[in-house]
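Asker: One structure, pasted below without further comment.
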Amino acid sequence: VAEKTGKVLGEFCRCYKEQYGVALFNSVRYEIEGNGGPQAQLLHRKVPLEDHVIYSGNLFQYIEENKKWRNRFCVVPHNYGLVLYENKLAYERELPPRVLVNSAGYKILTSVDRYLELVNSSLPGVTPKSGHAPILKCPTDFPLILWHPYARHYYFCVMTGKEQEKWRAVFQDCVRHCNNGISEDSKVESPAFTDAVRMYRQSKEQYGTWDMLCGNETQVLSNLVMEELLPELRTAIGPRLKGKAQERQRTWIQISDAVYRMVYEQTKAQYDAATAKCEQERPQMESTIRTDMDQIITSKEHLASKIRAFVLPKAEVCVRNHVQPYISSILEALMTPTSQGFAEVREVFFKEVTDMNMNIVNEGGLEKLAEYMEKLSHLAFHPVKMQSCYEKMEQLKLEGLQQRFDVSSTSVFKQRAQIHMRQQMDDAMYTFETLLHQELGKLQGKDDLCKSIQRILERVLKKYDYDSSTVRKKFFREALLQITMGLGLSMDGGDPVQGAGGWELIFEDFASFILVENTYEEVVLQSVMKDIMQAVKEAAVQRKHNLYRDSMVMHNSDPNLHLLGEGVPIDWGEEHSGQPEAEHDAEKRRRAKQVVSVIQDYEGVLPYEALLQPSSPEPRE
Numbered sequence: 001v002a003e004k005t006g007k008v009l010g011e012f013c014r015c016y017k018e019q020y021g022v023a024l025f026n027s028v029r030y031e032i033e034g035n036g037g038p039q040a041q042l043l044h045r046k047v048p049l050e051d052h053v054i055y056s057g058n059l060f061q062y063i064e065e066n067k068k069w070r071n072r073f074c075v076v077p078h079n080y081g082l083v084l085y086e087n088k089l090a091y092e093r094e095l096p097p098r099v100l101v102n103s104a105g106y107k108i109l110t111s112v113d114r115y116l117e118l119v120n121s122s123l124p125g126v127t128p129k130s131g132h133a134p135i136l137k138c139p140t141d142f143p144l145i146l147w148h149p150y151a152r153h154y155y156f157c158v159m160t161g162k163e164q165e166k167w168r169a170v171f172q173d174c175v176r177h178c179n180n181g182i183s184e185d186s187k188v189e190s191p192a193f194t195d196a197v198r199m200y201r202q203s204k205e206q207y208g209t210w211d212m213l214c215g216n217e218t219q220v221l222s223n224l225v226m227e228e229l230l231p232e233l234r235t236a237i238g239p240r241l242k243g244k245a246q247e248r249q250r251t252w253i254q255i256s257d258a259v260y261r262m263v264y265e266q267t268k269a270q271y272d273a274a275t276a277k278c279e280q281e282r283p284q285m286e287s288t289i290r291t292d293m294d295q296i297i298t299s300k301e302h303l304a305s306k307i308r309a310f311v312l313p314k315a316e317v318c319v320r321n322h323v324q325p326y327i328s329s330i331l332e333a334l335m336t337p338t339s340q341g342f343a344e345v346r347e348v349f350f351k352e353v354t355d356m357n358m359n360i361v362n363e364g365g366l367e368k369l370a371e372y373m374e375k376l377s378h379l380a381f382h383p384v385k386m387q388s389c390y391e392k393m394e395q396l397k398l399e400g401l402q403q404r405f406d407v408s409s410t411s412v413f414k415q416r417a418q419i420h421m422r423q424q425m426d427d428a429m430y431t432f433e434t435l436l437h438q439e440l441g442k443l444q445g446k447d448d449l450c451k452s453i454q455r456i457l458e459r460v461l462k463k464y465d466y467d468s469s470t471v472r473k474k475f476f477r478e479a480l481l482q483i484t485m486g487l488g489l490s491m492d493g494g495d496p497v498q499g500a501g502g503w504e505l506i507f508e509d510f511a512s513f514i515l516v517e518n519t520y521e522e523v524v525l526q527s528v529m530k531d532i533m534q535a536v537k538e539a540a541v542q543r544k545h546n547l548y549r550d551s552m553v554m555h556n557s558d559p560n561l562h563l564l565g566e567g568v569p570i571d572w573g574e575e576h577s578g579q580p581e582a583e584h585d586a587e588k589r590r591r592a593k594q595v596v597s598v599i600q601d602y603e604g605v606l607p608y609e610a611l612l613q614p615s616s617p618e619p620r621e
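Residues 1 to 621 (full-length UniProt numbering) are what the sequence shown spells out, left to right.
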């Protein structure tokens, strides 16, 4: 394991070091030349869920060590980890949790049969005979299983279908958030990392999308290693496993998890060392870039022109014959569920604000406003209320196109669109509450408040329509490029390094910032991007997708609003509820604001207790 991991990481770290120089150059160039794109009209909240808990409640967990089911109190904090405590009292007393789960890379299953299918396929040739007890039995009809191709699995169940539906929405939100673990705020490290992953996989003739680009950098790299390592281990260890089929399956899951943990530890140490070395060299590299920017750009353009002359004729033929005919059908497949999802976001936002306005009319004005806004301000992070938006994206299918373009799964695009939906909902809600908060001092009564809410709602919806159009068009372009680019790069176009005249076109001083492989990729990208831009532009004309035309550009139409967004975050609870300011830490923890309300907050003996057998000691994970 250590030898294989070291080999894969050694190759990857070489890719990363090369891509780091390119990403640093692009970042400095972008900083100097600026961004000419459309400006967002909605405000962006800097710290969305500070001091909030997404959800907490009781469920039933299967403990593998003693093969028993136990009641657990599960808390989902603002970082979307799953934290399992012995019970609610243990959480309130700040005792150590039993289990901490980062759900990146997991799939949420609500069927034991589906889980058994995945387990059977993970160890070919080992299938329990019919009539034999399966690897897992669930004591209720409402299971929730967290399955991972490499790491350990987690088994839960609840008492009702309504609970299962709510927990499933919460778990899926955790997976969606944790999968999106590479920070977009980093303008050098993140692009260098994702480009290095792509280049490494292309060196192994893998040009398509990869559905295990999940989690933070260490998790992604661990998945990269396991993808190569696990088949070798399966071949070496699988035939030697003893016992009944169920025991062999259980043993294999434990082996895979143990190997994954070993790989993770080694990966973290090696990757951290590589990034630290790059950071150490960064000041000198950045100084060279700023001093010689013009010469680097000229050298890169010269190389690109040579590669263009060598590659472009073949690339254009490939695009014309194998990409262009399918762009419109791919775009239509992407646009329909995505546009429906964003329309649903708009509808949910409109409905929730309108319902609040009606409640204020019926129940009293400003006194109730803080209570409603406290709940409403985190609407985007309410997995159950957002579920109808996310479900629209689940309809995405690229039938007949996945094999042609080597798209292993559509989950990459589904989750990306869902993340955009959540962000747009939060931007709309934050803009709404900022404008409403500004108006409060000018209002005279209930009627004034209701009219002001309605006026602000209409104003925010116009901004949402513009921003969501911009976000969707960008998403469509990126998704189309990701789907079709692999085919362009895998074409038999000869060796771009030799064909373009090799490395002699690059000054040695600039070799850290200009790579032939990246320049070749940019040339192919340009040939594909021309058709993609045209297809998205034509689609914007169709009214059914509610997209703005590219000619409609709003530049800072509301400058005072963006100044408001820089102020101190609004705390509706503290500002208007009259709660005492000083509060003991334990009490504050117990009364932590929760985004999703609990279906049933069990007191005393839980209904699960009837299912429990006498307890025995359990190890803490």
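Every residue, glycine too, gets a C-beta built ideally from N, C-alpha and C.
Would you kindly work out how many angstroms separate the C-alpha atoms of residue 112 and residue 138, rounded to a whole number?
Answerer: Going by the C-alpha atoms only, they are around 8 angstroms apart.
Asker: Pair every Cβ in the segment 438-457 with every Cβ in the segment 357-366, then say whether three or more of these pairs are closer than 8 angstroms.
Answerer: Yes: the two stretches touch, three or more of their Cβ pairs being nearer than 8 angstroms.
Asker: For residue 57, write down the residues that DSSP places opposite it in a beta bridge.
Answerer: Per DSSP, 74.
Asker: Can you give the beta carbon distance from residue 315 to residue 524, rounded, assuming they're within the 8 angstroms contact cut?
Answerer: The Cβ separation is near 5 angstroms, so the contact holds.
Asker: Given a cut-off of 8 angstroms on the beta-carbon distance, is the pair residue 327 and residue 531 in contact?
Answerer: Against a cut-off of 8 angstroms, the Cβ pair of residue 531 and residue 327 comes out as a contact.
Asker: May I ask you to list the residues that DSSP assigns as paired with residue 147?
Answerer: Its beta-bridge partners are 107.
Asker: Pick helix, strand or coil for residue 382, following the three-state DSSP scheme.
Answerer: Coil at residue 382, not helix or strand.
Asker: Leaving aside the five residues before and after residue 300 along the sequence, list all residues of the same chain whose C-beta is less than 7 angstroms from its C-beta, in chain order.
Answerer: Hits under 7 angstroms: 514 and 519.
Asker: Start and end of the alpha helix (DSSP H) containing residue 413?
Answerer: 411-439 is the extent of the alpha helix (DSSP H) around residue 413.
Asker: I'd like to know whether the C-beta atoms of residue 49 and residue 427 end up nearer to each other than 8 angstroms.
Answerer: In this structure, residue 427 does not lie closer than 8 angstroms to residue 49 by Cβ.
Asker: Which residues in the same chain have their Cβ closer than 8 angstroms to the Cβ of residue 533, if we skip the five residues on either side of it in sequence?
Answerer: If we look at residue 533 and ignore the five residues flanking it on each side, its Cβ neighbours are 477.
Asker: Measuring CB to CB, does residue 345 end up less than 8 angstroms from residue 389?
Answerer: Yes.
Asker: Provide the residue span of the alpha helix (DSSP H) that contains residue 22, from first to last.
Answerer: Residue 22 -> alpha helix (DSSP H) spans 2-33.
Asker: Using the rule of at least 16 other Cβ atoms within 10 Å of the residue's Cβ for burial, across every protein chain shown, is residue 16 buried or exposed?
Answerer: It counts as buried.
Asker: Determine the extent of the beta strand (DSSP E) in which residue 155 is found, giving its start and end residues.
Answerer: Where residue 155 is concerned, the enclosing beta strand (DSSP E) stretches over 154-157.
Asker: Which two residues bound the contiguous beta strand (DSSP E) that contains residue 101?
Answerer: Run containing residue 101: 99-101, per the beta strand (DSSP E) assignment.
Asker: In the DSSP assignment, find the unbroken alpha helix (DSSP H) run with residue 264 in it and report its ends.
Answerer: From DSSP, the alpha helix (DSSP H) with residue 264 extends over 245-291.
Asker: Does DSSP classify residue 137 as helix, strand or coil?
Answerer: Reduced to three states, the DSSP call for residue 137 is coil.
Asker: For residue 69, which of helix, strand or coil comes out of DSSP?
Answerer: In the structure shown, residue 69 sits in a strand (DSSP, three-state: E or B).
Asker: What is the residue span of the alpha helix (DSSP H) that residue 348 lies within?
Answerer: Segment 324-363, the alpha helix (DSSP H) holding residue 348.
Asker: Determine the DSSP secondary structure at residue 52, reduced to helix, strand or coil.
Answerer: It is a strand residue.
Asker: Using CA coordinates, which residue listed in 290, 174, 225 and 286 is at the minimum distance from residue 271?
Answerer: For residue 271, the nearest C-alpha among the options comes from 225.
Asker: What is the DSSP secondary structure of residue 188, reduced to helix, strand or coil?
Answerer: DSSP places residue 188 in coil when its eight states are reduced to three.
Asker: For residue 414 and residue 72, what's the separation of their Cα atoms in angstroms?
Answerer: Spanning the two alpha carbons is a distance of roughly 31 angstroms.
Asker: Pick from 370, 376, 366 and 329: whose alpha carbon is nearest that of residue 351?
Answerer: Of the candidates 370, 376, 366 and 329, the one whose C-alpha sits nearest the C-alpha of residue 351 is 376.
Asker: Beta strand (DSSP E) containing residue 82: first to last residue?
Answerer: That run of the beta strand (DSSP E) goes 82-85.
Asker: Quick check: the Cα distance between residue 46 and residue 181, rounded to an integer number of angstroms?
Answerer: Their backbone Cα atoms lie some 17 angstroms apart in a straight line.
Asker: Measure the alpha-carbon distance for residue 517 versus residue 228 and round it to whole angstroms.
Answerer: So the two alpha carbons sit approximately 24 angstroms from each other.
Asker: Is residue 288 close to chain B? Criterion is C-beta to C-beta, closer than 8 angstroms.
Answerer: Included in the structure is just one protein chain, with no chain B present.
Asker: May I ask you to report which of helix, strand or coil DSSP gives residue 598?
Answerer: Any reading at residue 598 must be qualified, since the residue scores a pLDDT of 49, below 50, and its modelled position is unreliable; the value itself is stated next. Looking at residue 598 - three-state DSSP - the assignment turns out to be coil, as it is neither helix nor strand.
Asker: By the three-class DSSP mapping on this structure, what secondary structure does residue 570 have?
Answerer: Residue 570: coil per DSSP, three-state reduction.
Asker: Measuring alpha carbon to alpha carbon, tell me which residue in 387, 353 and 234 is nearest residue 421.
Answerer: Comparing Cα-Cα distances from residue 421 to each of 387, 353 and 234, the minimum goes to 387.
Asker: Pull the bridge partners of residue 63 from the DSSP assignment, please.
Answerer: Residue 63 pairs with 68.
Asker: If you compare alpha carbons, which of 488, 508 and 509 is closest to residue 206?
Answerer: Out of 488, 508 and 509, 488 has the C-alpha closest to the C-alpha of residue 206.
Asker: Closer than 6 angstroms by C-beta to residue 199: which residues in its own chain qualify, once you throw out the five before and the five after it? Chain order, please.
Answerer: Hits under 6 angstroms: 15.
Asker: Residues in the same chain with beta-carbon distance under 6 angstroms from residue 339, minus the five sequence neighbours each way, listed in chain order, please.
Answerer: Within the same chain, residue 339 has close Cβ partners 545.
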